[in-house]
Structures are given as C-alpha cells and as structure tokens.
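Number of protein chains: 2
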Amino acid sequence: MSVNETQPKPLPSGSTIGILGGGQLGRMLSLAASRLGFKTHIFCPDPQSPAFDVTPHKTVAAYDDAAALQRFAEAVDIVTYEFENVPAATAEILSRIKPLRPGANALAISQDRLAEKAFLASKNIPVAPYRAVETNADLADAIAALGLPAVLKTTRLGYDGKGQRTLGSDADLAPAFADLSPKPLVLEGFIPFSKEISVVVARSLTGEVKAYDPAENVHRNHILHTSTVPATISPTLARQAGMIATAIVIALDYVGVLGVEFFVVPADGRETLLVNEIAPRVHNSGHWTEAVCLTDQFEQHIRAIAGWPLGDPARLADVVMENLIGDEVLALPANLDGDTQPHLYGKAEARPGRKMGHINRIGRN
Amino acid sequence: MSVNETQPKPLPSGSTIGILGGGQLGRMLSLAASRLGFKTHIFCPDPQSPAFDVTPHKTVAAYDDAAALQRFAEAVDIVTYEFENVPAATAEILSRIKPLRPGANALAISQDRLAEKAFLASKNIPVAPYRAVETNADLADAIAALGLPAVLKTTRLGYDGKGQRTLGSDADLAPAFADLSPKPLVLEGFIPFSKEISVVVARSLTGEVKAYDPAENVHRNHILHTSTVPATISPTLARQAGMIATAIVIALDYVGVLGVEFFVVPADGRETLLVNEIAPRVHNSGHWTEAVCLTDQFEQHIRAIAGWPLGDPARLADVVMENLIGDEVLALPANLDGDTQPHLYGKAEARPGRKMGHINRIGRN
Numbered sequence: 001m002s003v004n005e006t007q008p009k010p011l012p013s014g015s016t017i018g019i020l021g022g023g024q025l026g027r028m029l030s031l032a033a034s035r036l037g038f039k040t041h042i043f044c045p046d047p048q049s050p051a052f053d054v055t056p057h058k059t060v061a062a063y064d065d066a067a068a069l070q071r072f073a074e075a076v077d078i079v080t081y082e083f084e085n086v087p088a089a090t091a092e093i094l095s096r097i098k099p100l101r102p103g104a105n106a107l108a109i110s111q112d113r114l115a116e117k118a119f120l121a122s123k124n125i126p127v128a129p130y131r132a133v134e135t136n137a138d139l140a141d142a143i144a145a146l147g148l149p150a151v152l153k154t155t156r157l158g159y160d161g162k163g164q165r166t167l168g169s170d171a172d173l174a175p176a177f178a179d180l181s182p183k184p185l186v187l188e189g190f191i192p193f194s195k196e197i198s199v200v201v202a203r204s205l206t207g208e209v210k211a212y213d214p215a216e217n218v219h220r221n222h223i224l225h226t227s228t229v230p231a232t233i234s235p236t237l238a239r240q241a242g243m244i245a246t247a248i249v250i251a252l253d254y255v256g257v258l259g260v261e262f263f264v265v266p267a268d269g270r271e272t273l274l275v276n277e278i279a280p281r282v283h284n285s286g287h288w289t290e291a292v293c294l295t296d297q298f299e300q301h302i303r304a305i306a307g308w309p310l311g312d313p314a315r316l317a318d319v320v321m322e323n324l325i326g327d328e329v330l331a332l333p334a335n336l337d338g339d340t341q342p343h344l345y346g347k348a349e350a351r352p353g354r355k356m357g358h359i360n361r362i363g364r365n
Numbered sequence: 001m002s003v004n005e006t007q008p009k010p011l012p013s014g015s016t017i018g019i020l021g022g023g024q025l026g027r028m029l030s031l032a033a034s035r036l037g038f039k040t041h042i043f044c045p046d047p048q049s050p051a052f053d054v055t056p057h058k059t060v061a062a063y064d065d066a067a068a069l070q071r072f073a074e075a076v077d078i079v080t081y082e083f084e085n086v087p088a089a090t091a092e093i094l095s096r097i098k099p100l101r102p103g104a105n106a107l108a109i110s111q112d113r114l115a116e117k118a119f120l121a122s123k124n125i126p127v128a129p130y131r132a133v134e135t136n137a138d139l140a141d142a143i144a145a146l147g148l149p150a151v152l153k154t155t156r157l158g159y160d161g162k163g164q165r166t167l168g169s170d171a172d173l174a175p176a177f178a179d180l181s182p183k184p185l186v187l188e189g190f191i192p193f194s195k196e197i198s199v200v201v202a203r204s205l206t207g208e209v210k211a212y213d214p215a216e217n218v219h220r221n222h223i224l225h226t227s228t229v230p231a232t233i234s235p236t237l238a239r240q241a242g243m244i245a246t247a248i249v250i251a252l253d254y255v256g257v258l259g260v261e262f263f264v265v266p267a268d269g270r271e272t273l274l275v276n277e278i279a280p281r282v283h284n285s286g287h288w289t290e291a292v293c294l295t296d297q298f299e300q301h302i303r304a305i306a307g308w309p310l311g312d313p314a315r316l317a318d319v320v321m322e323n324l325i326g327d328e329v330l331a332l333p334a335n336l337d338g339d340t341q342p343h344l345y346g347k348a349e350a351r352p353g354r355k356m357g358h359i360n361r362i363g364r365n
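Order-wise, the sequence lines are chains A and B.
Just so you know, we're using the UniProt record's numbering here: the first sequence kicks off at 1 and counts up by one.
Just so you know, we're using the UniProt record's numbering here: the second sequence kicks off at 1 and counts up by one.
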C-alpha cells in the first residue's frame, strides 16, 4: 500500500492481525498486538510453534498451501510476518485479499542479497563491495576484483551464519563454491570493521518515521550474543546511522519496523558506516526496546501496520540485551537479578544454537 | 502455602498457570506470564471474556462448577485469580489439587469488609472507625458512636461504589438500610481525607517483599480515573505507606501482588494514613508500572506465585495512568500522543462505566 493513497483509516482495536510465522518474533508481535486490543491469528507450518501459546487463532499449514493462505487472509484484517523469506507467491496470494504490511517489494529486495545490495547502492547508501557469482570463473574474477579474504554467501535463505563461507586463501575457493553452489551466490569483500551496530526504524502508513538509538552488537558463533545501548560510537555516527535507516524506509515506501545492520569501519582516523543487511521485520537487536523505551519495537510495528500514529522511541535507561541460546535458558530463574528483565519464548526443547529467550539488564541513569 | 515450608522450587518456564477470571486483569496477567515463557489457562463463566483472546487454553464454566474446577486444576500447575470474590468453596476445591496463590486466607479476609478491618486493626494498622450493622438498631447505635456523615456498606461484593450509601442526615438511614439489607453491613465513619493513595506490594514464596512507589488516585463516579506517580506526599509519608503495605503482606503470609488503598488525612498540620481497603491481586492503580518500572506489577505477581525471585520495582520516569471508561476508548488511536503508552483490553462493547483500557502518559525526568 502506498502512502500516497488517500489518507488511510486506522485499523480499529478489536480487529484481527494475521501473522505469518510462529517463532519468538511472531509471539512477541502477538503479545504487543494484544496490548493494543487486537486479536491475532498465527500462520505457521510447525504445530509446536511458540506463538501458538498466546492466541486461540492459528493455522497450521505450509507457506505454499494456497487454500490455507486464502482462508487465513479471509479470517484476518491485515497480514504481517516475522521473517523475510516469505515466498513471493505467498505474498501475492495474501496481498490480493488483505493488506500485506510491510509490502511485497520489501520482501523481494530483502530476501535476495544481490537485489538488496543493488537497491541500496542505487540509493547511494554505502555497502560492502560485492560481485555476483554463478560459476567458478565468476568467483575467480570476483576474487581478482575484491581480493582475499572475502566472504562467499548464498543470495537467499542465509541467516545466523548459515549459507556462507569465509575465503582466506585460494585453496578455500573450490570447496566453498562446491559447498554453496548451484545456488546463486554473492562474493562480499572483507570489511575490516571495528564494531557492528544496528538501527531499528519504523515508518507509519502516513509516512511518519521514527528510529531507535543504535545498538552495538556482539555475535558468538554467528548468532547475536549481546546488544548494548548506547553504542560506543560518536553522536555524529549515531545520527548518520539513523539517517541512513530513515532513507531506506523512505526509499522502500515501507510500512512497519525494519532492522538495519551496519559495519563501523575505521578510515583515516574516523569511523564510517557500511550497511551489512536489512530485515523487513522486528529485529533481535531491538529486543532491548521492550525494557527501556516509551514504545517498544513490537508495539511500534503493530502501530505502523495498523495505520496508528507511531509511539515515541525515546529510551529511559541504558541497557544490555543478551540472548539466551540453548541450555543457557536453564540457568533462569535461579540467577535472575532484580534489575534484569527476562523474556522467555516458551519453546519446549532447549536445542543447541536455538534462541530460547533473552534478558535485558537495565542500568539506571 | 506457607513460606516456612521447605525452600520451594521455582516453577519452570513452560509450566501452565491457571487464572480464575477472564477480565482485563486476567488478560494482563496472562500476557505477563507469556513473557516469562509460561502457558496460561483462563477459567471464566463469560464466553466473551477478553482474556480468552490471549491464550488457547480456556474453561467456560461457573465458579461453583466443581467438576469444571477439578478438571481445570488438574490441567494447570498453579492457580491464581484476578478478583478477591472467589467463593471459599471454589478456593477449597482448587487448593486441594494445586497450589492456590495468593492463599485462601487472603481471600477470606479481603472479601469481607468486617473481617478485613478486624484483621488490620488486630495488627495495629490504622483503619477508619467502623461498626458492624445487622439491624436498624445497630445502625442507630453505630451513628451514635461515629456521627454523621458516615458510609454504610455491604460487607461483601462491593466494588466501584456499588453496595454503599453515604449517610448525610438521619433521614438517609432508613432508606439506605432498606436498600442494602438484609446483607451484613458495616458503617464506616466519615474520613475528611485530603488525598487517596495506594501502594502495590509483592511478596515472594521465600518471603522477599518489594513495594512500588505510592500512586495518588483520583476517582470519578466511584471509578478510578487517574493514578499519578509520584504522589504529592512527603517522602516520610511515602515510606510509611510502603511499610504498612509490607506489614500487611507479612502478616498475611502472603504470596503474590497486593494492592493497599489509603486515605491521607490532615491532622495537626501534618498528614497521616488510614488503610481504606486491600485487594489480594494486581490493582488498577498499579497499571502505571507497566510503562515505567523495571518490573511491572503483572510480571511481579507471576514471579511471586511461580516462586521466582522478585524483580526490581524501581521507576524510570514520572507517569500518569488514566482509565478509559466506556466510549472514551473510541477517541483512540486518533488522539494518541507519542509519549502515551496505551493498553486496550479488547472488549467488544464499550458500555457506559466499563473499563475498556488505560493510557500511561510518560513524563521524562
């Protein structure tokens, strides 16, 4: 839906929001929607989805089950999603019946690394140097252009370090290509970044934009470990990050919350920003907003897609968000400090590498 | 359950919390339990209960349906409630099968004004002067002792101004008595209070106690209109209110969150406190905690009854909570300011006098 259409009417409280995806993000979106008086309906193929525990309305079906998608869309008032890998055909079926927010173009761009980089570059937003790779010869050409080390990635369906290989020497090329091909690939030049930060930004149906403070992110085993706010960057760089995130949602004619990951790159004694990737949804590195912001990212997303005015993203305290991976969650509640706000996802099985919950350690200013 | 028993084990995340009552308090308790990874099961006779929209597990049955209560208790791990008027027989059935928290003694005391006042007075906690009234002669004697004006109330099942009459002159006595009897009644002496405040306090299964800052409450038509924090009282009086609330939960061997309403009474150039009433549950005058506290009253209640450590009740900002009664809710979302955090209850029909939601206006310090 374009913001240039006639001024949209806000979706009344009591309406039903359909959510594609029943993981922790879908669950937290549902809880936020409930706080605004909305009903939610979760669509997910996994009958054990954690989001099924927070609403009586669910559809258990595959994402390409056209009949189930149609019934789902007819049962809800608007549709949103917790993950960017919604198939294009799925988005098409749903958006024919009910408003899909964020829109299909945000999905198409963000679910393909090449399309995303091309889009960002076309808007003069700085990204790491990259080359498309379909053949071994492409890879050799790309290495010649970008040098080593470099990172070879599938263009689609990668997350948490899956679908990528770091190339350190020529000996790494053939095995990495064999491993990842025949999927379309992209080679990204190695970025000697000093920090990773991210900005969660929201744009409303009327075009209003609000960005949260940047978070500084630390990964472990390619999975987000902590997000710390404020990030240890200059106020100038923080403002730049917010402006880039704002430029992206405007360029996409976006509605909802979007996460933008940046590399902070030292150059000539100062720091510059490159966009690593964008995610058209609430973002793990924005979970701290629930503990310390006037409006958290989940409520902000629901407000945006419902055509409500955005809330204030202002932050009342410093905070460190820490993911609880696998059996780390079992240490709770025994070691729960008073100034720690836990959020657990109700997943039955604490498998290694699985995000089971997070905690926010709140530092009073 | 007494805190003097063997050290209890915390209820593991993923367990099921049974909640008696499907109104907004049950709904907000369910949402808080979900944030800690618990499942919830709501028991309520009203098939349109707003809490039924935030969990797939419900029982629609009368509170005296023994078979339904038994099935419910067997399906959950612990039981709590959103209202103090749980019948004693209901509490007895449930607590035979699963832990009922807060316990039956808190219910017995708080659902009877006479028992409550006698309990408080026995603990040297100041209450308004009162007399039990069963006959017209009792009423005449009580008026002789306490004077006019005074307030005649049913001892049980009064709320939001229901079940009470203010007596201004002798002519009011007979009609008020005729109207309220043959229920057991209590006459309360008129208190020339300057303000009403309340304290929400929590006690854990291990006896830990934490109190929130006092809120200053304004009523309209006998229904809470606003709660403002901080209250305009001296630090000394605020501390006293917290200490009285703490003394009450200790005296009750209480587990969970409890609300204590006070009158602030000017006397000899200073202010003193009288306890007006207590409520063994999360409290409308504590809804501000969700917007600005490290741990809100709903999560605090769930932590307490689950045997988890209590969270920090510290407050990060000033706040005014305002109830949205009846069609006041229809003004949202259009007039929603950025610094306003709304919480709507998803009730289908905005009947006059019905609590439909609330907003928290957050003032940054």
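Where a beta carbon is used, it is the ideal one built from N, C-alpha and C, also for glycine.
- According to DSSP, which residues form a beta bridge with Ser13 of chain B? According to DSSP, Ser13 of chain B bridges with nothing at all.
- Item | Rounded separation between Ile97 of chain A and Gly286 of chain B - CA only | Near 42 Å, if we compare the C-alpha coordinates of Gly286 of chain B and Ile97 of chain A.
- Message: Report the CB separation of Thr166 of chain B from Val151 of chain B in whole angstroms; it is logged as a contact under 8 Å.
- Response: 5 Å
- Item | For Thr16 of chain B and Asn323 of chain B, the rounded distance between their alpha carbons | 30 Å
- Item | Exposure label - Met356 of chain A; buried when at least 16 CB within 10 Å | buried
- Item | Residues near Asn4 of chain B in its chain [Cβ-Cβ closer than 6 Å; skip 5 each side] | Model confidence at Asn4 of chain B stands at a pLDDT of 45, short of 50, so the residue's coordinates are unreliable; what they give is reported in the following sentence. Cβ within range, chain order: n/a, list empty.
- Message: Suppose contacts are defined by Cβ-Cβ distances below 9 Å. Is Glu299 of chain B in contact with Leu114 of chain B by that definition?
- Response: no
- Collapsed DSSP secondary structure at Gly242 of chain B in the structure displayed: helix
- For Ala176 of chain A, which residues from the same chain have a beta carbon less than 8 Å from its beta carbon, with the 5 sequence-adjacent residues on both sides left out? Leu152, Arg165 and Leu167
- Item | Residue environment, Arg131 of chain B, which counts as buried when at least 16 other CB atoms sit within 10 Å | buried
- Query: What is the DSSP secondary structure of Gly286 of chain A, reduced to helix, strand or coil?
  - Reply: helix
- Message: For chain A, check one thing: does any of its Cβ atoms lie closer than 9 Å to the Cβ of Tyr345 of chain B?
- Response: Residue contact with chain A for Tyr345 of chain B: present (Cβ-Cβ distance below 9 Å to some residue of chain A).
- Query: So is Val292 of chain B in contact with chain A if we call contact Cβ pairs under 9 Å?
  - Reply: yes
- Can you find a CB in chain B that lies within less than 9 Å of the CB of Thr135 of chain A? no
- Message: Could you give the first and the last residue of the continuous alpha helix (DSSP H) run that contains Phe38 of chain B?
- Response: No alpha helix (DSSP H) contains Phe38 of chain B, which DSSP labels as neither H nor E.
- Considering only the beta carbon of each residue, do Val260 of chain A and Ala245 of chain A sit closer than 9 Å? In contact: Val260 of chain A and Ala245 of chain A (Cβ atoms closer than 9 Å).
- Message: Please tell me whether Phe43 of chain A has its Cβ less than 9 Å away from any Cβ of chain B.
- Response: no
- Item | Buried or exposed (CB count within 10 angstroms, at least 16 for buried), Ser2 of chain B | Because the pLDDT of Ser2 of chain B is 46, which lies under 50, any placement of that residue in the model is unreliable, and the question is left without a value.
- Query: Using 9 Å as the limit for Cβ to Cβ distance, is Ile19 of chain A near chain B?
  - Reply: Interface annotation, Ile19 of chain A: not in contact with chain B, CB-CB separation never under 9 Å.
- Message: Going by C-alpha to C-alpha distance, which of B:Phe38, B:Asn124, B:Tyr254 and B:Leu120 sits closest to Pro56 of chain B?
- Response: B:Phe38
- Would DSSP call residue 368 of chain B helix, strand or coil? Missing from the structure shown is residue 368 of chain B; chain B here goes from 1 to 365 and no further.
- Is there at least one Cβ from chain B nearer than 9 Å to Ala312 of chain A's Cβ? Looking at the sequence provided, one finds Asp at residue 312 of chain A rather than Ala. By this cut-off, Asp312 of chain A is an interface position.
- Going by the beta-carbon positions, is the gap between residue 366 of chain A and Thr232 of chain A smaller than 9 Å? Chain A is shown from 1 up to 365; residue 366 of chain A falls before or after that span and cannot be answered.
- Query: Quick one: what's got a C-beta closer than 6 Å to Leu120 of chain B's C-beta in the same chain, skipping five residues either side?
  - Reply: Val127 and Val275
- Residues in its own chain within less than 6 Å of Ser122 of chain A by CB, not counting five upstream and five downstream? none
- Message: With a threshold of 8 Å, are at least 3 pairs of Cβ atoms found where one atom belongs to the segment 204–212 of chain B and the other to the segment 308–319 of chain B?
- Response: yes
- Query: Do three or more CB pairs link the segment 89–108 of chain B to the segment 63–79 of chain B at distances below 8 Å?
  - Reply: The answer is yes - the segment 63–79 of chain B touches the segment 89–108 of chain B, with three or more Cβ pairs under 8 Å.
- Alpha carbon to alpha carbon, how far is Lys347 of chain B from Thr135 of chain A? Near 59 Å, if we compare the C-alpha coordinates of Thr135 of chain A and Lys347 of chain B.
- Length-filtered (3 minimum) beta strand (DSSP E) runs lying within the segment 49–96 of chain A: 57–59 and 78–81
- Determine whether the Cβ of Ile362 of chain B lies closer than 9 Å to any Cβ atom of chain A. So yes, Ile362 of chain B belongs to the interface.
- DSSP bridge partner residues for Gln341 of chain B (one or two, in chain order): Gln341 of chain B is bridged to B:Asn360.
- Task: For Ala108 of chain B, decide whether its Cβ has a neighbour in chain A, counting only Cβ atoms nearer than 9 Å.
- Result: no
- Query: Helix, strand or coil: how does DSSP classify Asn217 of chain A here?
  - Reply: strand
- Message: At a CB distance below 7 Å, what residues from the segment 20–37 of chain B approach chain A? Give them in sequence order.
- Response: Listed in sequence order: Leu31, Ser34, Arg35, Leu36 and Gly37.
- Message: According to DSSP, is Glu134 of chain A part of a helix, a strand, or is it coil?
- Response: coil
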